[in-house]
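Read in order, the letters of the sequence shown are residues -19 to -1, 1 to 367 in mature numbering (1 follows the signal peptide of the UniProt record, and there is no 0). For every residue, glycine included, the Cβ atom is placed at its ideal position computed from N, Cα and C. Worksheet: the structure to be examined is printed underneath.
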Amino acid sequence: MLLCVGVMLLVVASDLGLCLDEDDLDTQWEQWKTTYGKEYDDYEEVYRNNNWKKNMRMIEVHNQEAEQGKHSYKLGMNQLGDLDFSPTKTDIYNQGTMQVCPKDDYRTVVYDRICSLLLPRSVDYREEGMVTPVKNQGHCDSCWAFSAVGALEGQLAKKTGKLLELSPQNLVDCDPESDGCVGGHMTDAFYYVLTNGINSERDYPYMEEKQPCRYNASAIAAQCKDFKEIPEGDECILAATLYKVGPLSVAINTNHVKFMLYKSGIYYNPECDKDNISHAVLLVGYGETAEGEKYWIVKNRLRHITCMTDVRLIIWLPRRDEVLQSNDLKCLSCGQHFLSVLSALGHLGVRTDTCGLHVTVTTTVVLPVKPATQSCERTTEGHRLS
């Protein structure tokens, strides 16, 4: 149920004026193409220019409404501005098919009530040396592999005290249950590593495309002993498990034009479909702003990026969560919490009670252990993560 379609997060290199004068738009269009290195033939130029102008007008209307207090966030033009975000188009939405293992009791996470514990106000596994740098997945829909690898890297660092980059390419090439750069599922990735182990990024570098499997069992870098799944929709358990276990593989919905063109502010979109989970990320912590707004910290992978800047990006998506801290050691009623998505550019956030969030957790990673021989029949159709 963790699905992904490859998120494409915005990078804004400059503030392009939003005056809708046609001559100004033409000038801005040429500047935008130069900024992002865009080149088209004559036919595609017309198509992309029409998309870009439609998105520019949508941005202008939205931001004017934001100034009137109708929205809590603003939009901005970025490298995705020439895409057609209509639901019937395929510029962005790369839906696929995914088989999911039937859930069984033994896979359900055991931390079902550790949210009753007095949890710290903040957790950030980046500060504890359990999170590797953000990487760009490029034009390969491999978010599922990066998310799984991130959880494994965290557990490996927790066990050994050393942070080692593992190989998402190993999973893209070799996991027989996933579709490489077409999409996949973190659960399948964990099953693969549980059975075979995984090489390091150094020994098996990322190539942005599926290639013949060249896994080297003699160069095993880590082995997954087991993994568990968190019950869907229980974010009290999510907070407690994050604190108890470490970085977790999660998936969110990113399939909306306003998410793609987000620029600043608190992102809340009532049109977000919680049942259309599309992109896998890595949950690495939680915290609270000076204003008392609580949030999750999520490591993301960028793709389709041609211009990188130091812009700090924060998107917020609504999310429900039982309190992270309780004086009477009980789970109290749900409050407003938030997701902050960490990207290579800074922080990109997400609010999720309208956007679903599903979780798979690795509980142990060891070096090396005897490969397990468990198998799983996959019968339920869904969507692949990219």
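Asked, Found
"3-residue-minimum beta strand (DSSP E) runs that sit fully inside the segment 23 to 56, ordered along the chain", "54 to 56"
"At least 3 beta-carbon pairs within less than 8 Å: the segment 4 to 13 vs the segment 23 to 38", "yes"
"Cβ-based burial, Asn151 [other Cβ within 10 Å; buried from 16]", "buried"
"Alpha-carbon to alpha-carbon, Val104 and Lys225", "10 Å"
"Limits of the unbroken beta strand (DSSP E) element including Asp207", "Gln204 to Glu210"
"Reduced DSSP secondary structure (H/G/I, E/B, other) of Asn177", "helix"
"Where Asn117 falls: helix, strand or coil (DSSP)", "strand"
"For Lys191 and Asp156, believed in contact at Cβ under 8 Å, the rounded distance", "10 Å between Cβ atoms; not a contact."
"Where the alpha helix (DSSP H) containing Gly273 begins and where it ends", "That residue, Gly273, is in no alpha helix (DSSP H); it is neither H nor E in DSSP."
"Assigned secondary structure, Lys191 (DSSP; H/G/I helix, E/B strand, else coil)", "coil"
"Coarse secondary structure for Val112, derived from DSSP in three states", "coil"
"Under 8 Å between C-beta atoms of Lys116 and Tyr187", "yes"
"Member of Asn236, Leu242, Gly227 and Asp5 whose CA lies at the smallest distance from the CA of Tyr267", "Gly227"
"Buried/exposed call for Leu305, threshold 16 Cβ in 10 Å", "At Leu305 the pLDDT is 37, less than 50, meaning the model places this residue with poor confidence; the figure from the coordinates comes in the next sentence. Buried is the call here."
"CB of Ile258 within 8 Å of CB of Ile233, strictly", "yes"
"Bounding residues of the alpha helix (DSSP H) (the contiguous stretch that carries Ala220)", "Glu216 to Val226"
"Buried or exposed (CB count within 10 angstroms, at least 16 for buried), Asn250", "buried"
"Residue interval of the beta strand (DSSP E) (run including Ser128)", "No beta strand (DSSP E) holds Ser128; the alpha helix (DSSP H) holding it covers Cys124 to Thr141."
"Burial state of Ala221 (16 or more Cβ within 10 Å)", "buried"
"Buried/exposed call for Gln45, threshold 16 Cβ in 10 Å", "exposed"
"Pair within 8 Å by beta-carbon distance, Glu182 and Gly119", "no"
"Start-to-end residues for the beta strand (DSSP E) that takes in Val153", "Segment Pro149 to Cys155 is the alpha helix (DSSP H) holding Val153; no beta strand (DSSP E) there."
"Sub-8 Å separation of Ala170 and Ala129 beta-carbons", "yes"
"First and last residue of the uninterrupted beta strand (DSSP E) at Val231", "Leu229 to Ile233"
"Residues bridged to Lys239 [DSSP beta-bridge criterion]", "Paired residue(s): none; Lys239 is not in a bridge."
"Strand pairing of Ala261, partner residues [DSSP]", "Ala232"
"Contact under 8 Å by Cβ, Val262 with Val231", "yes"
"Euclidean distance between Cα positions of Tyr28 and Asp207", "49 Å"
"Burial state of Asp5, where buried means 16 or more other Cβ atoms lie within 10 Å", "exposed"
"Per-residue burial, Tyr276 [other beta carbons within 10 Å of its own, 16 or more giving buried]", "buried"
"CB-CB length for Ser148 against Asn180, believed under 8 Å", "5 Å"
"For Asp105, the residue or residues it bridges with in DSSP", "Gly266"
"Inter-residue Cα distance where the pair is Ala47 and Pro193", "50 Å"
"Tyr17, enclosing alpha helix (DSSP H) - first and last residue", "Glu3 to Tyr17"
"Burial state of Val112, where buried means 16 or more other Cβ atoms lie within 10 Å", "buried"
"Three-way DSSP call (helix, strand, coil) for Gly161 in this model", "helix"
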